[in-house]
Amino acid sequence: STPVLEVESLKKHFVMTGSFGKLGGVKGVVKAVNNVSFTIHQNETYGLVGESGCGKSTLSRTLLKLISSTDGKVKYANKDILQLKGSELRHVRRDVQMVFQDPYTSLNPRQRVGQILEEPLLIHSIGTKKERMEIMSDMLEKVGMQADHFYRYPHELSGGQRQRVGLARALVVNPKILILDEPVSALDVSIQSQIINLLEELQAEFNLSYLFIAHDMGVVRHISDRIGVMYLGNLVEEGPTERIFQHPLHPYTKALLSAVPVANPDYKRERIMLKGEIPSPFDLPSGCVFHTRCPFAEEQCKTEVPQRTENAADHFVSCHLYH
Ligand code: SF4
Ligand code: MG
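Residue 58 in the UniProt record's numbering is what sits at position 53 of the sequence shown, and the numbering runs on without skipping anything.
Structure, rendered in structure tokens:
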């Protein structure tokens, strides 16, 4: 299948000075995103998982230059998004849309749904007033809302409805890719599955590719074709979804999966409980960033950064256990 978005050696490092709690007054480099590479293909859902603070939201915001990156490339339609400015960047931001976790804070509370949906059409100079009305009412229906929702304010809607509006707003400009940053994390479990089903319908209908970001392996499993696992700014494992669930390799992936209930009792999963807290990003461990919490860590892990290796077809891992 055809690659639509190629992220190559993306880095986002911050230099911070000041006082940081128990670290005291320090000047620290935060490697929020450290050398991350992955590719999203046409019509594919790529699930990116990791605990909060692992860098996945920072990563998603660097892809469209909502925040600057330190190094790397994000290739889309034969261009590097990170090098684009002005109208070229605006054009890419029409094709690659972001949907945020909490639609309540990302929707303007003083705008009615109609105004919210019209804004991106006006920004991109799409259609006459009449054509815009058609596009908007058509999209409202596609996301499972009724015509009278057009005149409502965000506070009059439920969380699920607000996320439907967030999706409609992203889709009115006819994008190719959606970057979905924890799109269901703020919703009740029953509503989560409705929104995930809706995302799958919309993907098939509009031939979309998704980057689906979440902290919950269970949520990611339902929608993703492939999964990338992030820990402290590093992509530590990547592979096809079922392969990751049935043959997880990286101890961190195994730990994340240990928290997910096993549906099939015949299938024995090695359970790993994580020691301690996620380390401060100011104070990244040397060698393998996971060594302070890894039950298999050896001397080598404290000093040598594990290289990414292909363990099986399309299944990559960065861990000394697999060298
Ligand atoms: Fe654990 Fe070492 Fe593998 Fe890192 S490289 S995950 S510390 S075994
Ligand atoms: Mg899919």
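Cβ coordinates follow ideal geometry from the N, Cα and C atoms, glycine included.
Contact set for residue i: own chain, Cβ-Cβ below 7 Å, skip 5 residues either direction
{"i": "Met222", "result": "Val54, Leu261, Leu262 and Val265"}
{"i": "Ile121", "result": "Leu112, Asn113, Val170 and Arg174"}
{"i": "residue 2", "result": "The first residue shown for the chain is 6 and the last is 328, placing residue 2 beyond what the model contains."}
{"i": "His328", "result": "Thr314"}
{"i": "Glu304", "result": "none"}
{"i": "Arg99", "result": "His129, Val178 and Pro180"}
{"i": "Glu205", "result": "Ile228"}
C-alpha gap between residue i and residue j, whole angstroms
{"i": "Glu11", "j": "Thr110", "result": "29 Å"}
{"i": "Gly164", "j": "Gln102", "result": "20 Å"}
{"i": "Lys135", "j": "Phe105", "result": "29 Å"}
{"i": "Ala318", "j": "Lys70", "result": "32 Å"}
{"i": "Met278", "j": "Gly58", "result": "19 Å"}
{"i": "Pro245", "j": "His320", "result": "7 Å"}
{"i": "Ser92", "j": "Gln116", "result": "26 Å"}
{"i": "Thr314", "j": "Thr75", "result": "25 Å"}
{"i": "Ser62", "j": "Glu56", "result": "11 Å"}
{"i": "Val234", "j": "Ala191", "result": "21 Å"}
{"i": "Tyr158", "j": "Phe217", "result": "27 Å"}
{"i": "Leu64", "j": "Phe295", "result": "19 Å"}
{"i": "Gly149", "j": "Glu139", "result": "16 Å"}
{"i": "Glu309", "j": "Val322", "result": "15 Å"}
{"i": "Glu247", "j": "Arg231", "result": "8 Å"}
{"i": "Cys324", "j": "Asp186", "result": "27 Å"}
{"i": "Lys259", "j": "Ile249", "result": "9 Å"}
DSSP three-state assignment for residue i, whether helix, strand or coil
{"i": "Ile314", "result": "At residue 314 the sequence reads Thr, which differs from the Ile that was named. Thr314: strand per DSSP, three-state reduction."}
{"i": "Leu89", "result": "coil"}
{"i": "Lys280", "result": "coil"}
{"i": "Tyr51", "result": "strand"}
{"i": "Ser14", "result": "strand"}
{"i": "Glu206", "result": "helix"}
{"i": "Phe155", "result": "helix"}
{"i": "Gly244", "result": "strand"}
{"i": "Leu127", "result": "helix"}
{"i": "Phe19", "result": "strand"}
{"i": "Ala264", "result": "coil"}
{"i": "Asp107", "result": "coil"}
{"i": "Ser323", "result": "strand"}
{"i": "Thr133", "result": "coil"}
{"i": "Leu289", "result": "coil"}
{"i": "Ile121", "result": "helix"}
{"i": "Ala302", "result": "coil"}
{"i": "His255", "result": "coil"}
{"i": "His235", "result": "The identity of residue 235 in the sequence shown is Met, whereas the question assumes His. Of the three classes helix, strand and coil, the one that applies to Met235 here is strand, per DSSP."}
{"i": "Ile201", "result": "helix"}
Where residue i falls, given that 16 or more other Cβ within 10 Å makes a residue buried
{"i": "Gln251", "result": "exposed"}
{"i": "Glu210", "result": "exposed"}
{"i": "Leu213", "result": "buried"}
{"i": "Pro188", "result": "buried"}
{"i": "Gly281", "result": "exposed"}
{"i": "Ser229", "result": "buried"}
{"i": "His160", "result": "exposed"}
{"i": "Glu243", "result": "buried"}
{"i": "Asp153", "result": "exposed"}
{"i": "Asn39", "result": "buried"}
{"i": "Leu237", "result": "buried"}
{"i": "Arg298", "result": "buried"}
{"i": "Gln151", "result": "exposed"}
{"i": "Val41", "result": "buried"}
{"i": "Ala82", "result": "exposed"}
Own chain partners of residue i with C-beta closer than 6 Å, once the 5 adjacent residues on each side are dropped
{"i": "Ser6", "result": "His46 and Gln47"}
{"i": "residue 362", "result": "No information on residue 362 is available, as it lies outside the stretch 6 to 328 that the chain covers here."}
{"i": "Leu68", "result": "Val79"}
{"i": "Val34", "result": "His18 and Val20"}
{"i": "Asn179", "result": "none"}
{"i": "Ile184", "result": "Ser65, Met103 and Leu216"}
{"i": "Ser14", "result": "Asn40, Ser42 and Gly77"}
Of the listed residues the options, nearest to residue i (C-alpha basis)
{"i": "Val177", "options": "Gly292, Gly238 and Lys147", "result": "Lys147"}
{"i": "Lys16", "options": "Ser73, Arg117, Met138 and Asp85", "result": "Ser73"}
{"i": "Thr50", "options": "His320, Val225, Met138 and Cys306", "result": "Val225"}
{"i": "Val9", "options": "Gly77, Tyr215 and Thr133", "result": "Tyr215"}
{"i": "Glu275", "options": "Asp153, Arg298 and Pro256", "result": "Pro256"}
{"i": "Gln312", "options": "Ala318, Phe301 and Leu326", "result": "Leu326"}
{"i": "Ser285", "options": "Thr75, Leu127, Gly60 and Gln197", "result": "Gly60"}
{"i": "Cys293", "options": "Arg99, His129 and Leu240", "result": "Leu240"}
{"i": "Phe145", "options": "Ser198, Val97, His96 and Leu203", "result": "Here residue 145 turns out to be Leu, not Phe, going by the sequence shown. Of the listed residues, the one whose Cα sits closest to Leu145 is Leu203."}
{"i": "residue 1", "options": "Ile128, Glu123, Leu127 and Ser130", "result": "Outside the displayed range of the chain (6 to 328) lies residue 1, so it cannot be described from this structure."}
{"i": "Lys36", "options": "Asp107, Lys90, Ser291 and Leu172", "result": "Ser291"}
{"i": "Gly52", "options": "Ile283, Ala219 and Asn316", "result": "Ala219"}
{"i": "Arg167", "options": "Val97, Thr22, Ile201 and Asp107", "result": "Asp107"}
Same chain, Cβ closer than 8 Å to residue i, neighbours up to 5 away in sequence not counted
{"i": "Pro300", "result": "Pro256, Ile277 and Lys280"}
{"i": "Leu126", "result": "Gly132, Arg137, Ile140, Met141, Val177 and Val178"}
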